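Chemist: I'd like to ask you about the structure that follows.
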Amino acid sequence: MQIPSSLVQDIRQGRVVLFLGAGASLGALTKQNARPPLADELRDRLSDRFLGGNFKKYPLSQVADLAISETDLVTVQEFVADQVRGLLPADFHRLIPTFKWRGIFTTNYDRVVETAYDVTDSRAQDVVPIFSDSDRLDERLRSQDQLALLKLHGCVTRTHDPELPLILTADQYITHRKNRQYLFRTLDQWAYEYPVVFVGHGLQDTDIRAVLLEVSKDLAVRPRHYLVVPGASNEEVRFWEGKKVSVLDGTFEDFLRKMEQHIPEALRPLLQQVDYEHPIKARFVVNENIGQGLRDLITQDVEYVYEGMAIGEGRAKAFYRGFDLGWYAIEQRYDVRRRLTDTLLTDVIIRPEEDRPTRAELYLIKAEAGAGKSVFLKRLAWEAARDADALCLYVREAGFVQYEALQELYRVTQQRVFLFFDNAADHVSSLLALITKARRDRIPITFITAERVNAWNMSCQALNEYLNESFHLKYLSRSEIETLVGLLEQHDSLGPNLIGKSFDEQVEQFHEQAGRQLLVALHEATLGPPFEDILFDEFNEIQPQAARSLYLTVCVLNRMNVPVRAGLIARVHQIPFEDFRQKLFEPLDHVVQTRLGARTGDYYYMARHPEVAQIVFERVLNNPTDRYHEYIRIIRELNPSYSSDRESFRGLIRAKSLHDLFPDYQDVRALYDLAQEVAPRDAYVYQQRANYERIRPNGNYQEAQKLLEVARELDPKDTSITHTLAELTRTQAEAAENPLQRERFRTAARRLLQPLVNDQLGGRYARTTAVKLTIDALRDILADNTASDREIDEAIRVVENPLQRWLQEHPDDPHLLTAEADFSTLLRDNDRSVRALRRAFEANPRDRYVTIRLARVLEDKGDLEGARDMLRAALDANRGDRALNFRYAMVLRELGVVDRATLLHHLRRAFTEGDTNHEAQFWYARYAFESVKAEDRDLGRELFKRLREIPMAHEARLEIRDTIAADNGPTVFAGAIVRLEAAYGFAQRDGVADWIFVHRNNVEEADWGKLRLRTRVAFNIGFSYAGVRALNLEPIEP
570 MQIPSSLVQD
580 IRQGRVVLFL
590 GAGASLGALT
600 KQNARPPLAD
610 ELRDRLSDRF
620 LGGNFKKYPL
630 SQVADLAISE
640 TDLVTVQEFV
650 ADQVRGLLPA
660 DFHRLIPTFK
670 WRGIFTTNYD
680 RVVETAYDVT
690 DSRAQDVVPI
700 FSDSDRLDER
710 LRSQDQLALL
720 KLHGCVTRTH
730 DPELPLILTA
740 DQYITHRKNR
750 QYLFRTLDQW
760 AYEYPVVFVG
770 HGLQDTDIRA
780 VLLEVSKDLA
790 VRPRHYLVVP
800 GASNEEVRFW
810 EGKKVSVLDG
820 TFEDFLRKME
830 QHIPEALRPL
840 LQQVDYEHPI
850 KARFVVNENI
860 GQGLRDLITQ
870 DVEYVYEGMA
880 IGEGRAKAFY
890 RGFDLGWYAI
900 EQRYDVRRRL
910 TDTLLTDVII
920 RPEEDRPTRA
930 ELYLIKAEAG
940 AGKSVFLKRL
950 AWEAARDADA
960 LCLYVREAGF
970 VQYEALQELY
980 RVTQQRVFLF
990 FDNAADHVSS
1000 LLALITKARR
1010 DRIPITFITA
1020 ERVNAWNMSC
1030 QALNEYLNES
1040 FHLKYLSRSE
1050 IETLVGLLEQ
1060 HDSLGPNLIG
1070 KSFDEQVEQF
1080 HEQAGRQLLV
1090 ALHEATLGPP
1100 FEDILFDEFN
1110 EIQPQAARSL
1120 YLTVCVLNRM
1130 NVPVRAGLIA
1140 RVHQIPFEDF
1150 RQKLFEPLDH
1160 VVQTRLGART
1170 GDYYYMARHP
1180 EVAQIVFERV
1190 LNNPTDRYHE
1200 YIRIIRELNP
1210 SYSSDRESFR
1220 GLIRAKSLHD
1230 LFPDYQDVRA
1240 LYDLAQEVAP
1250 RDAYVYQQRA
1260 NYERIRPNGN
1270 YQEAQKLLEV
1280 ARELDPKDTS
1290 ITHTLAELTR
1300 TQAEAAENPL
1310 QRERFRTAAR
1320 RLLQPLVNDQ
1330 LGGRYARTTA
1340 VKLTIDALRD
1350 ILADNTASDR
1360 EIDEAIRVVE
1370 NPLQRWLQEH
1380 PDDPHLLTAE
1390 ADFSTLLRDN
1400 DRSVRALRRA
1410 FEANPRDRYV
1420 TIRLARVLED
1430 KGDLEGARDM
1440 LRAALDANRG
1450 DRALNFRYAM
1460 VLRELGVVDR
1470 ATLLHHLRRA
1480 FTEGDTNHEA
1490 QFWYARYAFE
1500 SVKAEDRDLG
1510 RELFKRLREI
1520 PMAHEARLEI
1530 RDTIAADNGP
1540 TVFAGAIVRL
1550 EAAYGFAQRD
1560 GVADWIFVHR
1570 NNVEEADWGK
1580 LRLRTRVAFN
1590 IGFSYAGVRA
1600 LNLEPIEP
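According to the numbering used here, the stretch in the sequence shown is residues 570 to 1607, in order.
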């Protein structure tokens, strides 16, 4: 066998893909020296076992189908698996692991390849089997030392899964590709990027022929492939040569033995097996090696930040043009050190353990897009690790943090772990799981994340209730601008618009941009024209046209903050990867940055910043037709086996985005048709298509319902699909003209929502929709002139019960508060509802729902005395009712009752120990603060402590809901500062000598700078769910 030198070189570089057909397992035997059956032999064995020896002239696929029909799928598949189970690799099979491969595909069910890797100590890689579309390549592969083994036809270890049947013959591809679509797509794409060596037992091998013909496209741009088969004729060799496939005449053993000669063992890579001394071991308090889970964490998913870490290199000019230079820019101090850094170092990093609000903490740095939050987060982690000696881990872009690894890290170090996540919206599920488990187990971990303000508000609501504090990274101050100008001059990066001007003029030029994003300010101040024009001109100047088109594709995808895989670029633009690197990379060097994937070894491309990508997208693709063609080109080539492609895919087909970008329904329909071809079993595709039908003008609700039913069947655990279906059903109810039909739709929607209301992620949306359904029904009844008072009363009760219960549990929920306002407006503006409520109250004053809602109506109309009297009468009949006591206390408060004992009496009856009546607990704690009774004050402090830990949005937790005041305004207290940190402190109040918490945000900036220990101060006192707070604090001049 003659092996081309180019193939030898590619194998040496680890760039070759192996495709193993049936011939690859020849030579493998069981311990009893039994060999695996060929196709005809397997057919005959199936016939003898299940069909009485009949149908032996039928094809294998038909015999298998008949056998399954006579028994069942699992029984037949177990029988097939038994025929190849226990096969052991031959000596030559053990050569496979000694070479480095880009990947291995196989149509064999046996474990010959896996076993060969298991028993070979001198292997170059560890093998990771991939069975189905649910196995994400870049998630399963934890490092570049791992090799994907994609089992296209199934495996003997997976015979009981009806969704993943064994493929017995090539003609079953069409019916059995379900759940393997991405595996075949990966084969197609890798065959486009890398040389493939196909191994068969002859040119009649139907598996090999089917796959070879499928990948024999785009001959001009794909690399040469190779076919290892014995006994090829000259005609067959010429046939395959015409398809750019070189035939290597011989067996798989011949091929491996030849490669053994061409690449001596000394030149082959060896998998690192030694437990190396990672720098993090210096923090260990136990004499143990690093466990595998922790090793994966610190080598693949996070960067351990420490003095002496590898930082790479870069250019200052690139950094100031928006490129991410990683730790190099931080180490070289190219960035402007922001004042907020000291605040976080003091308030979060070096804060004493006894002062921390919870054992596991979550802090947020919010900023506008392009404000420098990513650089700031790296600077904070850098200084926390180097100056404060904190144990800091910075999560990589594609990192996936396992909680068990964090547990292990704490066990072996006994130190608080500081974990930094950039772009919180990309990590919501991961952060939610980590913070929940860490608080449950009381593991000291501080999660610090950063996100754009809008992205946090839109995508991170589930994290809000776990937030301990948020910090806003504001625009550059005057002193920070002066520092930046100095850095630009120091690194020869002033740009034509600043060169030649005085320092003051340069600072003033930046100061004019002070209200703009930092990224924008840097470009406009240094170059002159508006940022959008700079980027558009930059785009048009890229040559050649192929490079410009490629940059546009990067921008289309990177505007969603997703890196773009090099293989995808090659497919979309029909460019061999090597040609791209050699011919097109240099023209894009100033606008595209490259990084190497830590796990898969793939290259990824990004624009300087997602904001840059968004502007290029909007300015260049400014009409729907151009956008449509670009979307079609990209979606067709996406491979959701890769996480980056999957995120891009989902971002491109989001219903609202397509609705905004494409006014023509036919364009969107074609895009969704293509998306279903690419990912036929992805529930998200069907959900988004249904959403589009729901929101577009004249949408087809019946079609949307069918799509959502398919999505639920594909992913029954995704509660968001069920909620979408409930919202659609509610919309159908509103559109229905027949009252019975409306009620039928609403009943169906309520049934869908019932299991969702307590869901951690989607519960708040389900609760709101459930309340809206009851309000819709009430609105219908009020519009029906034939409806009786009793029907109106019952409909009001159906709204009131869940609404008030959920508002007590979630007093900050904006959606429930909006529903409450809509409910109140509906009743206040409808005389029939008020009359019905009055009659119901007169008939039964003990009915809390009727009484409370009627009292709320009277409050809205300004009749507080009437509301008080009604509630008092209801309490006389039902003194222990918690809801009545709470509402009565609130009305007394609105009336200006200052008798704290009376208020506390009713508020104490409004909750019980440990219940979820949080609003009642808050108001009790607020008034208990002023009580003369020590037991009241003690309970109030305990309640505030509990309220600080209830699920609630951070802003709502900090909202001041009441202050201590007299008729002439807030009461002014005097005292002295007894503790002072960078962003908070305590003032000791004169007289009672209690300590009142004060935060920098509640003090004027100039006054905060004057504070010292023992400074005399004047302040007001306010109350939030976080506790008692000093407000408007200012020094008392001596």
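Just so you know, even glycine gets a beta-carbon here, dropped at the ideal spot from N, CA and C.
None of these values were measured; they are calculated from a predicted model.
1) Starting from the Cα of residue 1495, find the closest Cα among 1550, 1595, 1172 and give me that residue.
2) Under a Cβ-count criterion, where at least 16 other Cβ atoms within 10 Å of its own Cβ denotes burial, should residue 1217 be classed as buried or exposed?
3) Rounding to the nearest angstrom, what Cα-Cα distance links residue 1072 and residue 1102 in this structure?
4) Could you check whether residue 1410 and residue 1403 sit closer than 7 Å to each other, using their CB atoms as the reference points?
5) Helix, strand or coil for residue 1480 per DSSP?
6) Excluding sequence positions up to five away, which residues of its chain have a Cβ less than 6 Å from the Cβ of residue 1567?
7) Across which residues does DSSP place residue 803 in a beta bridge pair?
8) Our contact map puts residue 832 next to residue 580 with C-beta atoms below 8 Å; I'd like the distance itself, whole angstroms only.
9) Is there contact here, the segment 684-697 with the segment 570-578, by at least three beta-carbon pairs under 8 Å?
10) Out of 1329, 1054, 1458, 691, state which residue places its alpha-carbon closest to the alpha-carbon of residue 522.
11) Helix, strand or coil, according to DSSP, for residue 1164 in the structure here?
12) State yes or no: is the C-beta of residue 1297 within less than 7 Å of the C-beta of residue 1336?
13) Could you say which of 1190, 1063, 1059 lies nearest to residue 1105 if we only look at CA atoms?
14) With DSSP as the reference, identify every bridge partner of residue 1175, one or two as the case may be.
15) Per DSSP, residue 1599 forms a beta bridge with which residues?
16) Since I believe residue 1270 is in contact with residue 1293 (beta carbons under 8 Å), could you give me their beta-carbon distance rounded to a whole number of angstroms?
17) Let me confirm a value: residue 1591 is counted as buried when at least 16 other C-beta atoms fall within 10 Å, else exposed. Which label applies?
18) Which whole-angstrom value describes the C-beta separation of residue 1339 and residue 1315, a residue pair presumed to lie in contact below a C-beta threshold of 8 Å?
19) Counting beta carbon pairs with one atom in the segment 888-907 and one in the segment 1166-1179, are three or more of them shorter than 8 Å?
20) So, using beta-carbon positions, are residue 866 and residue 993 closer together than 7 Å?
21) For residue 1029, which of helix, strand or coil comes out of DSSP?
22) Report yes or no: do three or more beta-carbon pairs, one from the segment 1048-1061 and one from the segment 894-906, lie closer than 8 Å?
23) Once the 5 residues before and after residue 931 are set aside, which same chain residues still bring their CB inside 6 Å of it?
24) Using CA coordinates, which residue listed in 672, 1561, 1465 is at the minimum distance from residue 764?
25) Report the CB separation of residue 1485 from residue 1377 in whole angstroms; it is logged as a contact under 8 Å.
26) Which term fits residue 750, buried or exposed, when burial requires 16 or more other beta carbons within 10 angstroms of its beta carbon?
27) Measuring only the C-alpha atoms, how far is residue 1400 from residue 1426?
28) Cα separation between residue 842 and residue 693?
29) Threshold first: 4 residues or longer. Then list the alpha helix (DSSP H) segments lying entirely within the segment 1555-1579, N to C.
30) Is residue 834 helix, strand or coil by DSSP?
31) Below 8 Å, can you find three or more Cβ-Cβ pairs linking the segment 1226-1243 to the segment 719-736?
32) What is the DSSP secondary structure of residue 815, counted as helix, strand or coil?
33) From this set, 1276, 895, 986, 635, which residue's C-alpha is nearest residue 943's C-alpha?
34) Thinking just about the alpha-carbon of each residue, which of 1171, 1545, 983 is nearest to the one in residue 1579?
35) Can you look up residue 1460 in the DSSP assignment and give me helix, strand or coil?
36) At which residues does the beta strand (DSSP E) containing residue 933 begin and terminate?
Modeler: From the atom records:
1) 1595
2) buried
3) 26 Å
4) no
5) coil
6) 1554, 1556, 1599, 1602
7) Residue 803 is not bridged to any residue.
8) 7 Å
9) no
10) The requested residue 522 is not part of the displayed model; the chain covers only 570 to 1607.
11) strand
12) no
13) 1190
14) 1162
15) 1590
16) Between residue 1270 and residue 1293 the Cβ distance is about 12 Å, and since that is not below 8 Å, they are no contact.
17) buried
18) Their Cβ separation, rounded to whole angstroms, is 10 Å, which puts residue 1339 and residue 1315 out of contact at 8 Å.
19) yes
20) no
21) coil
22) yes
23) 1004, 1016, 1035, 1036, 1037
24) 672
25) 6 Å
26) buried
27) 11 Å
28) Bear in mind that the predicted position of residue 842 carries a pLDDT of just 47, short of 50, making it unreliable; the figure below should be weighed with that in mind. Residue 842 and residue 693: Cα-Cα distance of roughly 10 Å.
29) 1574-1579
30) helix
31) no
32) strand
33) 895
34) 1545
35) helix
36) 930-936
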